[in-house]
Amino acid sequence: MKKIIIHVPDMRKAAARKKQATVFKPPSFEKKEALESLVSGEKYYIHTYGCQANVRDEETMRGLLEDIGYIITNDPKEASLIILNTCAVRENAEDKVFGEIGNLKGLRRKNKKLVFAVCGCVVEQPKILARMMEIFKEINLYFGTHEIPSLYSLIYKARTTGATIVSVESKPGEVTEIEPVIRSNDYKAFVNVVYGCDKFCTYCIVPYTRGKERSRLFEDVITECRQLVAQGYQEITLLGQNVHAYGKDLSEGKDFADLLEKVAQLGIPRLRFTTSHP
Numbered sequence: 039m040k041k042i043i044i045h046v047p048d049m050r051k052a053a054a055r056k057k058q059a060t061v062f063k064p065p066s067f068e069k070k071e072a073l074e075s076l077v078s079g080e081k082y083y084i085h086t087y088g089c090q091a092n093v094r095d096e097e098t099m100r101g102l103l104e105d106i107g108y109i110i111t112n113d114p115k116e117a118s119l120i121i122l123n124t125c126a127v128r129e130n131a132e133d134k135v136f137g138e139i140g141n142l143k144g145l146r147r148k149n150k151k152l153v154f155a156v157c158g159c160v161v162e163q164p165k166i167l168a169r170m171m172e173i174f175k176e177i178n179l180y181f182g183t184h185e186i187p188s189l190y191s192l193i194y195k196a197r198t199t200g201a202t203i204v205s206v207e208s209k210p211g212e213v214t215e216i217e218p219v220i221r222s223n224d225y226k227a228f229v230n231v232v233y234g235c236d237k238f239c240t241y242c243i244v245p246y247t248r249g250k251e252r253s254r255l256f257e258d259v260i261t262e263c264r265q266l267v268a269q270g271y272q273e274i275t276l277l278g279q280n281v282h283a284y285g286k287d288l289s290e291g292k293d294f295a296d297l298l299e300k301v302a303q304l305g306i307p308r309l310r311f312t313t314s315h316p
């Protein structure tokens, strides 16, 4: 199968930290209408491994997919799109992904229009990505943690070109606000406040797979939390690889303590955050 390489991961680029303002980039949703005409009414299957950040990424992807007519299924045999959203924090999480791919790869042979995608932190590691591409010819889409805003165009390319699409960019990363979101729970919600990590602890891969620390705008976080309170949610968890870094890259003069205080004033019965450093 031919390959279309858009981006490949680079650990040196992933480790680079430049003092620059966070870039706020609106989503383009390229190929949204074209993909919708192809897939509306078809089913998708998504399996997420690992941390709350991955769960929140799944909620974003579900919102994008169902906005163009995809219908979720718990049976991968029914799906024309399979997404494995991976975790790289523990070795056994990687082993589980390889095992799951082995279980599902036969579906691609039976259904040639199936888009079989692997995303998340595992594919951000060059050696593991290369190994996957060598072993599993059935996978026809790889995309990284920064590529969710490009989900429509990536699926469209995989669906229409017959090629394996690889888009895993190691870069500081932007902040892109994406709606709609489909929450995984009816009474508790995850809210991203800061992405990435600059701590580079010896044992941790996250700074390489999630990029530099970059905060959402204060009012964007408050608006999302206010909407959740209005919808009747009872618990909000503020998410970040390092929530203590919130606001350091912004010129707003707000830090995580300010954010925590403001969200608490909205009247949410239970307020949590994860994770902090130290």
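Numbering-wise (my numbering), the sequence shown opens with residue 39 and increments by one. Positions of the beta carbon are idealized from the N, C-alpha and C atoms, including for glycine.
If you compare alpha carbons, which of 46, 287, 312 is closest to residue 57? Indexing the sequence shown from 1 puts residue 57 at position 19. Checked all of 46, 287, 312; the closest Cα to residue 57 is 287.
Rounded straight-line distance, which links the Cα of residue 99 to that of residue 298: Numbered from its first residue, the sequence shown carries residue 298 at position 260. Numbered from its first residue, the sequence shown carries residue 99 at position 61. Between the alpha carbons of residue 298 and residue 99 lies a distance of about 27 Å.
If you check the beta carbons only, do residue 123 and residue 92 fall under 8 Å apart?
-> Walking along the sequence shown from the start, residue 123 turns up at place 85. Walking along the sequence shown from the start, residue 92 turns up at place 54. Their beta carbons are under 8 Å apart, which means residue 123 touches residue 92 by this criterion.
Cross-strand partners of residue 55 (DSSP beta bridge)
As a working note, residue 55 is residue 17 in the sequence shown. Under the DSSP definition of a beta bridge, residue 55 lacks any partner.
Beta strand (DSSP E) segments (min. 3 residues) lying fully within the region 55-127:
81-86, 119-124
> Along the chain, which unbroken stretches of the alpha helix (DSSP H) at least 4 residues long are found entirely within the region 190-258?
Replying inline: 244-248
message = Can you check which of these residues, 83, 222, 241, 154, is closest to residue 196 by C-alpha distance?
response = In the sequence shown, residue 196 corresponds to position 158, counting from 1. For residue 196, the nearest C-alpha among the options comes from 154.
TODO: Run the proximity test for residue 290: is its beta-carbon closer than 7 Å to any non-hydrogen atom belonging to the ligand FAD?
DONE: Within the structure as shown, the ligand FAD is missing, as the structure has no ligands at all.
TODO: Starting from the Cα of residue 176, find the closest Cα among 160, 201, 191, 60 and give me that residue.
DONE: As a working note, residue 176 is residue 138 in the sequence shown. Cα-wise, what sits closest to residue 176 is 201.
At what residues does the beta strand (DSSP E) containing residue 155 begin and finish?
For the purposes of this step, residue 155 is taken as residue 117 along the sequence shown, with counting starting at 1. From DSSP, the beta strand (DSSP E) with residue 155 extends over 153-158.
query: In the DSSP assignment, what are the bridge partners of residue 180?
result: On the sequence shown, residue 180 is found 142 positions in, with the first residue counted as 1. Its beta-bridge partners are 156, 204.
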